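Heads up, the thing below is written out as structure tokens.
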Amino acid sequence: MIKRIFLFLVTNVLVMLTISLVTSLLGVRGWMTQYGIDYQSLMIYCAIWGMGGAFISLALSRVMAKWMMRVQVIDPQSAGGAERELVSMVHRLAQAAQLPAMPQVGIYESAEVNAFATGPSKSRALVAVSTGLLSRMNRAELEGVLGHEIAHVANGDMVTMTLIQGVVNAFAMFFARIIGYIVANAMRSDDERGPSYMVQMVVTFVCDIAFTILGSIVVAYFSRLREYRADKGGAQFAGRDKMIGALQSLQRSSEMVDTAQPAYAALKINGKRSLAHFFLTHPPLEDRIARLKGYAA
23 MIKRIFLFLV TNVLVMLTIS LVTSLLGVRG WMTQYGIDYQ SLMIYCAIWG
73 MGGAFISLAL SRVMAKWMMR VQVIDPQSAG GAERELVSMV HRLAQAAQLP
123 AMPQVGIYES AEVNAFATGP SKSRALVAVS TGLLSRMNRA ELEGVLGHEI
173 AHVANGDMVT MTLIQGVVNA FAMFFARIIG YIVANAMRSD DERGPSYMVQ
223 MVVTFVCDIA FTILGSIVVA YFSRLREYRA DKGGAQFAGR DKMIGALQSL
273 QRSSEMVDTA QPAYAALKIN GKRSLAHFFL THPPLEDRIA RLKGYAA
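See the structure below:
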């Protein structure tokens, strides 16, 4: 736990230092002037912080997955037995998907029945499966799961979801600061020359949280669409019956899903139901199975 917290802090410090350096190099000093908001500077500021943070996280995603999820990458040259079969299966599916480079293949220790794909590009991807999944699924079901994850890589879902998250972050920051300024300006007394900094800061902070929550609905919606598409890709690469069998196996093991690592939840094959449908990153398994069966009709 201490190691994960340390890595989280180091990553965030790195993100902040990198973005601060970029804003300095671009000459983006501030967006408040004596006349009010400089909207052009504010847009640039929010775009750099919103998009920059998302893309730095994407660039570090493969490394952070290995550290935070404790993924043990399999060496294809020395692997034997079940590990060699796992690597061969991933590589065979990657060839079917015409990936430019073979993904790294790893295993992480967890009772959850799950798998995920991550990485900054199609050429530098990681596909990882849990020990719980390996122990509970047969070979055909495992191939369906891996086909789904390879489809995520082939579809460029890591970059797509990063773009969406970055745009949402930028808009949330932009409108939160505008509303914060408007409210603070409206609440100033007659003897004050400008809006209250404290009021502006508090309102902006509250709006940041509210818009981020609303933005997560948008991100979750696109995530569900990408899941349907990855299911279809998994059926194409591994076979429809294997993909359906994998989802049915996940349905039987739905209680064995871990949500302790939300950073990777969006690109895991399975996700736990949340309190509201709009915040689901994954469609219900029964809907995904029905849609796959409908493709064959």
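Taking the numbering used here, the leading residue of the sequence shown gets 23, the next gets one more, and so forth.
Even for Gly, the Cβ is constructed at its ideal location relative to N, Cα and C.
Keep in mind the model is a prediction, meaning the values are calculated, not measured.
L164 - containing alpha helix (DSSP H), residue span: R161 to A176
Rounded straight-line distance, which links the Cα of Q273 to that of E163: 12 Å
With a 10 Å radius around its C-beta and 16 neighbouring C-beta atoms as the bar for buried, classify N136 as buried or exposed. buried
Grab the span of the beta strand (DSSP E) containing V135 for me, first residue to last. Here V135 belongs to no beta strand (DSSP E), and DSSP marks it neither H nor E.
Just to confirm my understanding: we take R26, look at its own chain, exclude 5 residues before and 5 after, and list those with CB closer than 6 Å. What are they? Only weak support exists for where R26 lies, its pLDDT of 47 falling under 50; the value from the coordinates is given anyway. Here the set comprises M90.
Can you give the Cα-Cα distance for F196 and A312, rounded to whole angstroms? 40 Å
If you draw a straight line from the C-alpha of N160 to the C-alpha of S271, how long is it? 9 Å
The stretch 192-211 contacting the stretch 168-175, beta-carbon criterion three pairs below 8 Å: no
Cutoff 8 Å; reference A81; Cβ partners in own chain excluding five residues on either side: P142
Taking E107 and I96 to be in contact with their CB atoms under 8 Å, please state how far apart those CB atoms are, rounded to whole angstroms. Not confirmed; about 11 Å, so no contact.
By the three-class DSSP mapping on this structure, what secondary structure does Y130 have? strand
Beta-carbon spacing of G359, A76 below 9 Å: Absent from the structure is residue 359, since the part of the chain shown begins at 23 and ends at 319.
Nonlocal neighbours in the same chain, by C-beta distance under 8 Å from I59, ignoring five residues either side: W53, R199, I200 and Y203
In angstroms, rounded to a whole number, what distance separates the CA positions of G255 and H170? 6 Å
Rounded to whole angstroms, what's the CA-CA distance from K315 to Q258? Just pull it up for me. 13 Å
Can you check whether the CB of D263 is closer than 9 Å to the CB of R310? no
Give the single residue among S132, L168 and G74 whose Cα lies nearest to the Cα of G267. L168
How about M183 and S145: are their beta carbons less than 9 Å apart? no
CB of A147 within 9 Å of CB of A139, strictly: yes
Considering only residues of the stretch 97-125, which uninterrupted alpha helix (DSSP H) runs meet the minimum length of 4 residues and lie entirely inside it, listed in chain order? 103-118
Return helix, strand or coil for T303, following the three-state DSSP convention. coil
What span of residues does the alpha helix (DSSP H) with V151 cover, start to end? It is not in any alpha helix (DSSP H) - V151 instead sits in the beta strand (DSSP E) that spans L148 to S152.
Expected contact under 8 Å - CB spacing of M73 and A192 to nearest Å: 6 Å
If you follow the alpha helix (DSSP H) that I235 is part of, which residue opens it and which one closes it? Y219 to A260
Just how far apart, CA to CA, sit F227 and F233? 10 Å
So for V93, helix, strand or coil by DSSP? coil
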